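In our numbering, the protein residues as written are 5 to 296.
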């Protein structure tokens with residue numbers, strides 16, 4: 005969350021850049037060989053690209069020349085953390101290789117570590133000052149971008165090539181979607197099923213004539229199933245059928261289950277009993293027929 009808020013805090017500064025000059029991508033995750041690499045914020049222009057590694061932790065960052073180590077001091081404790089400058093440099097190198105593999109004209113790739121936390125302090129060991137070329141606080145980001153732009157005035161990509169780069173990056177962006185149950189060593193059998201009461205958290209509520217009724221506190225709700233289905237899509241699988249919904253929500257009537265599915269305006273494929281439903285955010289085409 006600290007990283008997320010750090011990136012969001014930079015939106016104000018990045019909004020001052022001319023829209024016609026830069027493409028701005030957030031949390032781009034691309035595959036290179038067997039592995040993926042992620043860039044917090046990527047600025048792409050016709051003349052250069054800039055990879056930003058955003059840090060939002062409180063404390064004192066000490067950049068040491070010895071072994072290129074970075075020490076974070078916070079509340080009297082010290083810990084060695086990954087050198088963010090080396091991280092940013094590695095991401096820039098990977099991006100350069102990725103663009104080359106996708107036949108995008110060679111352009112300069114720069115990198116910066118941006119401290120977005122006003123309570124964080126950066127200290128650099130004597131003799132290691134050159135590392136400051138690739139570090140700035142959030143309020144100094146625009147100045148750094150201006151400096152880089154002044155050193156890279158020659159446009160390497162025309163409008164068509166820049167559009168191609170944009171499409172390639174967006175098409176190949178692969179957000180991380182870890183298996184939550186596997187991460188916590190759980191199976192679907194460990195999950196309680198049914199609709200949870202929004203008032204007392206009792207499980208399961210009963211579905212009576214289109215209304216969810218809590219057997220414990222007698223709370224009634226027309227929409228309590230929405231949270232249950234969102235949990236299903238996140239924890240079990242990103243699709244559901246009528247029979248699966250009935251088992252999960254403890255409903256006996258296929259007609260009632262169908263009414264619930266239709267009310268949520270979900271994407272789906274297939275017809276009749278073979279219909280499979282997906283969350284709205286799914287990339288599956290809405291109302292697409294099942295391929296024969």
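We put the beta carbon where it would ideally sit given N, CA and C, even for glycine.
Just so you know, these numbers come straight off a predicted model, no measurement behind them.
Neighbourhood of residue i by C-beta distance below 7 Å, restricted to the same chain and skipping five residues each side
{"i": "residue 291", "result": "A caution first: residue 291 carries a pLDDT of 32, below 50, which makes its placement in the model unreliable, though a value can still be read off. So the list reads 272, once near-sequence residues are dropped."}
{"i": "residue 126", "result": "65, 119, 139"}
{"i": "residue 15", "result": "none"}
{"i": "residue 207", "result": "196, 198, 200"}
{"i": "residue 217", "result": "209, 210, 224"}
{"i": "residue 90", "result": "72"}
{"i": "residue 191", "result": "185"}
Limits of the alpha helix (DSSP H) - the one that residue i falls within
{"i": "residue 280", "result": "No alpha helix (DSSP H) holds residue 280; the beta strand (DSSP E) holding it covers 280 to 282."}
{"i": "residue 265", "result": "258 to 267"}
{"i": "residue 16", "result": "15 to 18"}
Own chain, CB closer than 6 Å to residue i, minus 5 neighbours either side, in chain order
{"i": "residue 129", "result": "68, 69"}
{"i": "residue 168", "result": "none"}
{"i": "residue 96", "result": "55, 113, 115"}
{"i": "residue 110", "result": "none"}
Given residue i as reference, the closest of the options once Cα atoms are compared
{"i": "residue 60", "options": "47, 53, 78", "result": "78"}
{"i": "residue 151", "options": "41, 86, 52, 215", "result": "52"}
{"i": "residue 142", "options": "282, 104, 18", "result": "18"}
{"i": "residue 30", "options": "263, 39, 20, 54", "result": "54"}
{"i": "residue 160", "options": "121, 49, 203", "result": "49"}
{"i": "residue 20", "options": "147, 124, 132", "result": "147"}
Run of the beta strand (DSSP E) containing residue i, from where it starts to where it stops
{"i": "residue 276", "result": "Element bounds for residue 276: n/a, residue is neither H nor E."}
{"i": "residue 244", "result": "Per DSSP, residue 244 belongs to no beta strand (DSSP E) and is neither H nor E."}
{"i": "residue 67", "result": "63 to 67"}
{"i": "residue 40", "result": "39 to 48"}
{"i": "residue 30", "result": "27 to 36"}
{"i": "residue 77", "result": "74 to 78"}
{"i": "residue 53", "result": "53 to 59"}
{"i": "residue 81", "result": "81 to 85"}
Same chain, Cβ closer than 8 Å to residue i, five either side skipped, listed in chain order
{"i": "residue 293", "result": "Annotation note: pLDDT 31 at residue 293 (below 50); position unreliable, no value reported."}
{"i": "residue 232", "result": "198, 199, 200, 252, 253"}
{"i": "residue 215", "result": "224, 225, 226"}
{"i": "residue 163", "result": "50"}
{"i": "residue 287", "result": "At residue 287, the pLDDT of 40 sits below 50, so the modelled position is not reliable and the matter cannot be decided from this model."}
{"i": "residue 279", "result": "245, 246, 272, 273"}
{"i": "residue 204", "result": "218, 220, 221, 223"}
Assumed close pair residue i, residue j - CB separation to whole angstroms, cut-off 8 Å
{"i": "residue 101", "j": "residue 145", "result": "Not confirmed; about 26 Å, so no contact."}
{"i": "residue 177", "j": "residue 34", "result": "7 Å"}
{"i": "residue 284", "j": "residue 270", "result": "7 Å"}
{"i": "residue 27", "j": "residue 259", "result": "Contact doesn't hold; Cβ gap of about 49 Å is too wide."}
{"i": "residue 83", "j": "residue 76", "result": "5 Å"}
{"i": "residue 74", "j": "residue 124", "result": "With a Cβ gap of about 12 Å, residue 74 and residue 124 do not count as contacting."}
{"i": "residue 244", "j": "residue 236", "result": "6 Å"}
**Item:** Entirely enclosed beta strand (DSSP E) segments - the segment 170 to 232, minimum 3 residues
**Value:** 210 to 212, 215 to 217
**Asked** Unbroken alpha helix (DSSP H) runs of length 4 or more, entirely within the segment 89 to 170: which are they?
**Response** 145 to 155
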